[in-house]
Amino acid sequence: MSSLAVVEPPAPRAAPRSPGPGPPRSGGDRCRKASDTAQDTQLRSLDLDHIIKLLEGSDSKGLEKEQLKTLKKVVKHFENGIPLKDLEQIIKILNLCSEKMKEQETFTEPLCELIKLFGLPFQKKKSSDEVNYSTKVSKCIAQLGYLMRVPSSQVRIQICKCVINFHKMELPGKLLSGYQPTSESYKIQMAELGGLAETLVLSLALVENQLTEKLWVLKALQHLSSSGANCRLMMKAQAASRLCLYLNSADPSGQLVFRSSHILWNLLENASKEEVVNQLSSLECVHALKEVFVDALHGFRHCDHQLRNDLLVIATLLAENPAVPMIESGFAKLLIVLATFNEVKIPNPLVKGLKLTYSYEDFEMKKLLFNIIGVLSKNPSAAQLLSENDVMPALLYYVKPNQKPGFYDWSAAQYEELQLHAIAVLAAVAPALIDKYLSCQANTLLLVFLEWCIGQDPFFGQGNSFHGTGGRGNKLAQMRYSLRVLRNVASIYDDAVNLNLCDQGAISQLLDILRYAANKSKEKEDAILLEIQADTLFILSVLCENDLHRKEVFSYEGIGILIPFLKMDPKELCSGLGHSYLLFSALDCVWSCVIGCYIAEDHFLEKQGIFRLLDLLALKEKNLCNIILGILVEFCGNPKATLHINTWRGEKAQTAASLLIQLWRQEELELGVRRDQYGRVVDMKRPIASSFQRQQKVIPVPASCPSFAIMEISENMRAKLYSLFCKLGFENLPGLSAEDFVTLAIIRRYIDFKVGEVWSEICAELKEEFRPIMSDEDALKRISQIRATCKQREMINKSWENFLTRTSNYEALKKAKKLQEKAIDASRPKLKTQTGAVHSTDIEGLHTTYGNFIDDLRVYVRGGTGGMGHPRLGGEGGRGGDVWFVARERITLKGIKEKYPHKRFVAGTGANSSVRALKGEKGKDCEVHVPPGISLVTDDGKQIGELNAAGERFLAARGGLGGSLATNFLPCKGQKRIIHLDLKLIADVGLVGFPNAGKSSLLSKISHAKPEIASYAFTTVQPELGKIMYADYKQISVADLPGLIEGAHVNRGMGHKFLKHIERTKQLLLVVDISGFQLSLKTQFRTAFETILLLTKELELYKEELVTKPALLAVNKMDLPCAKDNLNELMSQLQNPQDFLHLLEEEMIPANTLEFKEVIPVSTYTGEGIEELKAYIRKSIDEDAERENEEYRKKKLLLLQTSQEEKMNRR
C-alpha cells in the first residue's frame, strides 16, 4: 500500500498573474482557502494500489466514469512532480490506460496528462534516492518509450514532448513538502541507462507514414543524440541507415531533412565514425544522400547551402571507404564534375544551370570538393573516372603565378587558399594519373611555377589557411606543395617522368631552390624550410640514381650545397622541426648522386665529405650508423677514400679503426653476444650468435629463403663493419688498444663464423625435417649399436697391441691368448642336431613382396614462402604458392611414389617487391595429382578432406604472406604438413571372405584380372581390381580384398587396412568355402555357416553401415566330396538362422544378419555356376541402379511440385 500526502508550501507566489487596484481580499479568500484545504485532505489519502486494481476491473459504463475520475485525481495529485518511490506504480497505471485506449478512446486525454507529468522534475526525499531508485527509474523511462506502440498520434507526440523536456527542465510552481527535485541531468542519465534512444529509433518504423509524428520523434532524437551514450544506443538500432533513407521523404516544410542530417552529424561526432560509415555504405543510402545533395545544390536558402556542405563532409567520410558504392551510384562522378566544371569550362548535363554565388558557403564547398578528389585518388577503381572528367587540367589550372585572382569573384586570400588546396590535392592525384600528368605538361607548369616562387616578383601571401602555414608575406607555401607534387611523382620511379624533368633542366633548377631555401634558413629556420630542403634532396636523389651523366651534372654545383647539410649540430636532431628527416635526405642524396661517379666522388673527397660522414658516425646514433657505414663501404671502391678514412681523427685523437671497433662492441652488446671481460669468445660453438638467434627453434626453409643466420646480416651493422675493415685492411691500423686487437681478431673471422652458423642451421634442419620411419629408426639404432661395439673392439685390440709391445715374452702371451679363446668357445652352447624329419619352410611365393599396389602414402607438403617486401617504397612481397591435391583418373599412389621418391611437395616462393613491381607476384602453385577415392589424414589420425571424383581439389598447404609493413617487410613461411594419402578402392562389388576361400580364383574366372593364386592362405596381400565384361559391353568392377581373420575389426593382422576398401563398394559378394575354414592348427575349425556369421560380425563391428549393403553369397569349392550335403545343410541354416544361433558362441553372433539376394554355388576349379554368378551380379547391380534412379526422379518431382505451389501462393 502506498499513499502520498501533498502539503502546499507556506510561501505564496512572488507576483500575482493579474495585479491591479481593488478592495482587499477578505471573505472570498477565506472561502478559497477552505476549499483548498478540503481538497488537500482528500488527496492525502490517495491509494495507488487501489487505483491499479480499479483500472484492472471489468469494463462497464459506471466503472469507466469512476476510472476517469480517479485518473484526473492522480494527475491533480502529482501536478507538481512524481516522487521516485511512486514512479513504478504510475508506470503500471500508464500501461493499463494504454490497454484501455484500444477499446475506449476516452482514456486518451488522461493518458496524455499522465505522460505530461514525466516532463516535470522527479521528487526525492534524500540525496541518496537518485542512486537507490536508479534501476527502477531507468526501467520506467524505458517503459515510457515502449508506449510509442500505442496507435495514437496525440500520445506519441506527448511522449516526444516529454523527452524534449528532459533537456529543458523547469521547476513546478509548488514543491511537495519534505521533497526536493532531482538534479537537472538525472532524467537524461536514466534515459541513457534505460535505452530510450534505441527505442525511439525503432519506433520510426511505426510513424513512417505520419509526417507530424515522425518530425516529433526526430526532434526528440535531436536532443538525445547530443549524448555519446545515446548515440551508441541509436547505432545499435541502425539509426544511421534508417535516417539516411528518410532524407528524401516528402516534406513540404523541409524540417525532415534538416533534423535527420543534424542527427547524422551528432552520430558522427559522438559515435564511432567507422560504424556510421558502415551503416551508410549500402547503395540505397548512397543514392538517398546523392538525391538530397542535388536538391540542396539547387537551393537558394542559406540553410540549403549549409546542408549541402554538411552532406559533402559525410560523402568524404564515405569515399574514404573503398567498399562504399560511391562510383556505382554515380555520386562520385557528380562530385568530380562539380569540383572541376568552373575550371575546365566543358558543358556537362550534371551541372546544367548551376552557378556559384561565391559566398562563404560556396568557398567551403569548393574546398570540400577538392578534398573529395584527393580521397578518391586513393581508390584505384576511381582512377579512370578522375581521368575522364578532366581532374588533372582543373587542378593544373591553379599552378600559375597568382598575380591576379583566377576568378574575379574570389578575394585574394580565398584564391590563394584554393590554389594551395588544389596543388596539395594534385600531389595525391598525380601518381595515380601519371599518363594524364605527362600529357598535360605538368612538369613544365610546375618548374615554371617554382621559378616564380624563388623570383623577386612582389607577392605577399596571406597565410590564412591550413595549407598556407608559414607562407605569410612569401611564396614558401606555394613552393612547399609544388615540390611535394614533384616528390610524389618522382617516387614512383617512372623513367618517362624523370627523363621529362631532366630534359627541362630540373636538376639545375632544383639546386637553385635548394640554395634559396638554405639561405632562407640562415635568416630564420622553421619546419617549412626544412621540409622544402628535404623534398628537394629526395627528388635529386631519384633523378640522379643509376645515371652517370646526371651525377656529373649534379656534382658541379650540388656537392658544395650538399656538404653543409652534413655539418648539422647533433642537438638539432632532437628539435622536432625535421632536422633528422633533412639529414637522412642528405645522406640518401650522397648515396644516389655521388657514389658511382668518380668525378662526383673526387669532388666530395676534396670538400672533406668523408670527414663529415665520420663525424656523424662518431655520434653513434643507431639509425645513422647503418646508412653511413653503407656509404663508406661503397666509397672505399675509390682508392682515395681509404686514405681519407685513415687520416681522420676524432675527439681525443680517436682513429677511424678505433671508432669502428667501438661500434662493433656496442652492436654485440645490444645483440646479446657473449663475451668475457677482455672481449674474448665465450660460446665456442656459436661465437657470434645473438640472443635472438639462440632463442629461435629450428624451422626448415627452402633454399631460396634466407635463414636466421642470413637475415641477421641485414638487420645489424656487423656485416658492414666487416666489409669496411676488408677495404681498410686488418694490419697496421693505428690507435688500437689491446682489447681492440682482440675484437679485431673476431671481426677478421666474421665470415668464417657466419658460414659455420649457416652449416649448423642446415644440419639442424635436416635432422628436424627428415626423420626415418619406425622400422628404419630401429635399424639405425642397431647400426649405431654395432658401430659402438666395433669401435669398442677396436679400442680393445689397440690396447692389447699396446700391451704386447710393452711385454718381452711375446710367444708366451700369444699361447695364453689362444688358450683363453678355446675356453671361451667351449663355454658357448652348441647347436642341437635335428633327429626327426625335416620339412622345408621355403614355400614358393611365400616371401614375395608385391609392389604393384599402394593404398597408403605418407607425403610432406609445404606452402611457398612469401616474397620480400620493399621497405623503402612500402612494397609488398608476393604471397607464396599453395599446394593442392587434385583427383585425376589413371593415377596411382605407386606412380606418385616412383615419380617423387622424396615424397616432398613444396610450392613456389612469392616474388620479391621491386621498383618495377611494388606488389610481388604470387608464387607458383604446386598441384599433386592423386587417384579418386583418396582420404587425406594427418599424422594424428584426423581426416581433413576427401577426393572422391575426378577434378575435385583440396588445399593441402597455404602459402605464406609476402613481406609488408605488418611483418616488417619480412616474408612469412608457408604452412607445412605431413599428410597420409589413404586410398579406398571404389568398386561395384567387393569380394569378402576368409583366407583361402577362393576369392582370387573367382576373380580370375569372372574377369580378366590375373591375381596371385596359390594353395596357401594369404596369397593376396594387396587389393586387386578386375572388370566383368558382358556381351552388351556393360562393365562391372570387382575388388578382390585380402582375406580377413577373426579380430580384423580391432586391426588384428591387417584388418583396418583391408576393411577400409569395403566402405566404398556398392555391393558385397561373400565367398565361403563349403568345406569350412581353419586358419591354423592353433585356431578353431569353422563351418560354412559359422564363417558367414563371423564375416558378418567383423563387418558389423568395424562399421555398422556395411551390413546394410546389398549382398550376394558365393559358395565355392562345390567340386569337393560331400559338397552337396554341406550345401543343403547351409541352405537350411540360412533360411532359419535363429534356430541355429544357440549352438554358437555368443561373441560370434552378429546383431543383424546379412540378407543375401541370392546364394550361388560355384566351383572355380570346374567352372560350375560362374556364368550364373555373373548374371546375378549384373541383375543386382541393375536393380540397385534402377532404385537409385527412381528415388532421384521422386526427389526431383517433389521439388518441382514445391516450387509450383510457391509460385501459386505468390500470385
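Take any residue in the sequence shown, count from 1 to its spot, add 787: that is its number in our numbering. By construction, the Cβ of each residue, glycine as well, lies at the ideal position given by its N, Cα and C atoms. This one's a predicted model, so the numbers in the text were calculated from it and none came from an experiment.
Coarse secondary structure for residue i, derived from DSSP in three states
| i | result |
| --- | --- |
| residue 1748 | coil |
| residue 1674 | strand |
| residue 1795 | coil |
| residue 1657 | strand |
| residue 1500 | helix |
| residue 1044 | helix |
| residue 1766 | strand |
| residue 1085 | coil |
| residue 1380 | helix |
| residue 1743 | strand |
| residue 807 | For residue 807, the predicted model reports a pLDDT of 38, less than 50, meaning its position is unreliable; a value from the coordinates is still stated below. Residue 807 falls in the coil class under three-state DSSP. |
| residue 932 | helix |
| residue 1441 | coil |
Terminal residues of the beta strand (DSSP E) in which residue i lies
| i | result |
| --- | --- |
| residue 1903 | 1898 to 1903 |
| residue 1824 | 1822 to 1827 |
| residue 1948 | 1943 to 1948 |
| residue 1644 | 1643 to 1649 |
| residue 1859 | 1852 to 1860 |
| residue 1733 | 1730 to 1734 |
Residue i CB to nearest heavy atom of the ligand GDP below 7 Å
| i | result |
| --- | --- |
| residue 1478 | Although the ligand GDP was asked about, the structure shown includes no ligands whatsoever. |
Cβ shell of residue i (< 7 Å), same chain only, five flanking positions each side left out
| i | result |
| --- | --- |
| residue 958 | 908 and 968 |
| residue 1297 | 1323, 1326 and 1327 |
| residue 1231 | 1291 |
| residue 2001 | For the chain, the structure presents residues 788 to 1998; residue 2001 sits outside this window and is missing. |
CB contact flag (residue i, residue j, <8 Å)
| i | j | result |
| --- | --- | --- |
| residue 1419 | residue 1400 | yes |
| residue 1105 | residue 1070 | no |
| residue 1671 | residue 1739 | no |
| residue 882 | residue 930 | yes |
| residue 1690 | residue 1722 | no |
| residue 956 | residue 993 | no |
| residue 1902 | residue 1861 | yes |
| residue 1656 | residue 1664 | yes |
| residue 1027 | residue 983 | no |
| residue 1692 | residue 1784 | no |
| residue 1644 | residue 1606 | no |
| residue 1287 | residue 1225 | yes |
| residue 759 | residue 1759 | Examination of residue 759 is not possible in this model, given that the chain is present from 788 through 1998 alone. |
| residue 947 | residue 1006 | yes |
Own chain residues within Cβ distance below 6 Å of residue i, not counting five before or after
| i | result |
| --- | --- |
| residue 1466 | 1526, 1529 and 1530 |
| residue 1078 | 1035 |
| residue 806 | Since pLDDT at residue 806 reaches only 35, below the 50 mark, its modelled position is unreliable, and the value read off the structure follows with that caveat. Counting only Cβ-Cβ distances below 6 Å, and skipping sequence neighbours, we find nothing. |
| residue 1461 | 1469 and 1470 |
| residue 1143 | 1149 |
Nearest-angstrom Cα separation, counted from residue j out to residue i
| i | j | result |
| --- | --- | --- |
| residue 1985 | residue 1852 | 29 Å |
| residue 1969 | residue 1888 | 29 Å |
| residue 971 | residue 1749 | 58 Å |
| residue 1156 | residue 1119 | 10 Å |
| residue 1435 | residue 1177 | 58 Å |
| residue 1659 | residue 1702 | 10 Å |
| residue 1686 | residue 1675 | 15 Å |
| residue 1202 | residue 1146 | 13 Å |
Residue span of the alpha helix (DSSP H) that contains residue i, given as start and end
| i | result |
| --- | --- |
| residue 1009 | 998 to 1011 |
| residue 1390 | 1385 to 1393 |
| residue 1480 | 1478 to 1482 |
| residue 1714 | Looking at the DSSP string, residue 1714 is not in any alpha helix (DSSP H); the run it does join, the beta strand (DSSP E), is 1713 to 1717. |
| residue 1682 | 1680 to 1686 |
Cβ shell of residue i (< 8 Å), same chain only, five flanking positions each side left out
| i | result |
| --- | --- |
| residue 851 | 891 and 893 |
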